[in-house]
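Asker:
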Amino acid sequence: MSVNLSDVTRLIPCSVALLSVATKEKRDVMTCGCMFVAEDQPFFIVSVAKRIFSHSLIEAAGEFAINVASEGQAGLARKVGALHGQEIDKYEKLGIQTEDRGPGKAPFVKSSFANIACKVLTSYPVGKYTVYIAEATDFAVDSTQRPVAWYGDRYFALKDEVR
Ligand SMILES: Cc1cc2nc3c(=O)[nH]c(=O)nc-3n(C[C@H](O)[C@H](O)[C@H](O)COP(=O)(O)O)c2cc1C
Numbered sequence: 008m009s010v011n012l013s014d015v016t017r018l019i020p021c022s023v024a025l026l027s028v029a030t031k032e033k034r035d036v037m038t039c040g041c042m043f044v045a046e047d048q049p050f051f052i053v054s055v056a057k058r059i060f061s062h063s064l065i066e067a068a069g070e071f072a073i074n075v076a077s078e079g080q081a082g083l084a085r086k087v088g089a090l091h092g093q094e095i096d097k098y099e100k101l102g103i104q105t106e107d108r109g110p111g112k113a114p115f116v117k118s119s120f121a122n123i124a125c126k127v128l129t130s131y132p133v134g135k136y137t138v139y140i141a142e143a144t145d146f147a148v149d150s151t152q153r154p155v156a157w158y159g160d161r162y163f164a165l166k167d168e169v170r
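Under my numbering, residues 8 to 170 are what the sequence shown spells out, in order.
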């Protein structure tokens, strides 16, 4: 029996983030997974394909925002992840409402579970991706919302606590 090792990546439930990024001239948003490095330091890790437009903006801006997708944003996360922002403005195309944070600052996406502004600390090339480690510099949370998880290419609401 042949085994496709790429399938093992689908075994890990992931967070769903709308990563927003902006320079003074351009802005973009992509869907990605995000995790923290350690509990006692507010550092986060994301992996971004080198070929996509968000990558060039992160390189230029040195910062981005992690907008933790809420239940109502699962469809938006799928759409954002299927479009490329080089030629279109995804915010306009998809009607994404933002809280602007000033020129060259990543906007916060409204209706997210949480918004976390991050400054890139360091990055590592890993094949076709760049892995960024970034420090949280500011955040907002809407505890009336609930985050979603991504697992096996499907989105799940985080509902019942299990013990
Ligand atoms: C649920 C989901 C998770 C994704 N995770 C990542 C990721 O971790 N890294 C990445 O580079 N692309 C990821 N993508 C694909 C990017 O979101 C997509 O290539 C990006 O939106 C391209 O946009 P851009 O060219 O405007 O940057 C993911 C897509 C979806 C739907």
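C-beta: ideal position from N, C-alpha, C; glycine also.
Among residues of its own chain, excluding the 5 on either side of F146, which ones have a beta-carbon nearer than 6 Å to its beta-carbon?
Answerer: I123
Asker: Can you check DSSP and say which residues form a bridge with E70?
Answerer: K126
Asker: Does G109 pass the burial test, meaning 16 or more other C-beta atoms within 10 Å, or should it be called exposed?
Answerer: exposed
Asker: Run the proximity test for D35: is its beta-carbon closer than 7 Å to any non-hydrogen atom belonging to ligand 1?
Answerer: yes
Asker: Which runs of the alpha helix (DSSP H) fall wholly inside the region 111-156 and span at least 4 residues, in chain order?
Answerer: none
Asker: In the DSSP assignment, find the alpha helix (DSSP H) that holds G26 and state where it starts and stops.
Answerer: Contrary to the premise, residue 26 reads as Leu rather than Gly in this sequence. No alpha helix (DSSP H) holds L26; the beta strand (DSSP E) holding it covers 24-29.
Asker: Please name the residue in L12, F43, E32 whose C-alpha comes closest to that of E142.
Answerer: F43
Asker: For Y172, which residues from the same chain have a beta carbon less than 7 Å from its beta carbon, with the 5 sequence-adjacent residues on both sides left out?
Answerer: The shown model of the chain, from 8 to 170, leaves out residue 172, and the question about it has no answer.
Asker: Considering only heavy atoms of ligand 1, does any lie closer than 7 Å to the CB of F60?
Answerer: yes
Asker: Output the distance between the C-alpha atoms of Q93 and F60, rounded to the nearest integer angstrom.
Answerer: Those two C-alpha atoms are separated by around 6 Å.
Asker: From this set, I65, A121, K33, which residue's C-alpha is nearest A76's C-alpha?
Answerer: Closest by alpha carbon: A121.
Asker: Could you check whether the Cβ of C39 sits closer than 7 Å to any heavy atom belonging to ligand 1?
Answerer: yes
Asker: Would you say S22 and N74 are within 8 Å of each other, going by their C-beta atoms?
Answerer: Their beta carbons are not under 8 Å apart, which means S22 does not touch N74 by this criterion.
Asker: Helix or strand or just coil, what does DSSP make of I65?
Answerer: helix
Asker: Report the rounded CA-to-CA distance for L18 versus L12, giving the unit in angstroms.
Answerer: 11 Å
Asker: Between the Cα of S127 and those of A67, D14, D47, spot the shortest distance and give me the residue it belongs to.
Answerer: According to the sequence shown, residue 127 is Val rather than Ser. The option with the nearest alpha carbon to V127 is A67.
Asker: Does ligand 1 have a heavy atom nearer than 7 Å to the CB of Q80?
Answerer: no
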